[in-house]
Amino acid sequence: MISQSEFVRYLCGTCSAHIVFQNELIRHLFGICVRLVWNLKDEKGVRTNAKRL
Numbered sequence: 001m002i003s004q005s006e007f008v009r010y011l012c013g014t015c016s017a018h019i020v021f022q023n024e025l026i027r028h029l030f031g032i033c034v035r036l037v038w039n040l041k042d043e044k045g046v047r048t049n050a051k052r053l
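Numbered by full-length UniProt numbering, the letters in the sequence shown go through residues 1 to 53 in order.
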């Protein structure tokens, strides 16, 4: 059986690893959204410029 301090250390380690993973996931998803919006904006700009010509 594990002691209480070992259990707390295990829990804190697991939680901090989860938080790091969650932060990385959020940053990754945010990056994808920014790229999608940027690409849509670029496509719209290309179409607008083509209409002007």
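Ideal Cβ positions, reconstructed from N, Cα and C, are used throughout, including at glycine.
From residue i to residue j, what does the alpha carbon distance come to, in whole angstroms?
i          : j     : result
Gly45      : Asn23 : 33 Å
Trp38      : Glu6  : 48 Å
Tyr10      : Arg35 : 38 Å
residue 59 : Ile32 : The structure shown does not extend to residue 59, since the chain is modelled only from 1 through 53, so no value can be given for it.
Arg27      : Ile19 : 12 Å
Which of the three DSSP states, helix, strand or coil, is assigned to residue i?
i    : result
Ile2 : coil
Just to confirm the assignment: which complete alpha helix (DSSP H) runs, minimum length 4, are found wholly within the region 25-49?
Counting only runs of 4 or more, we get nothing.
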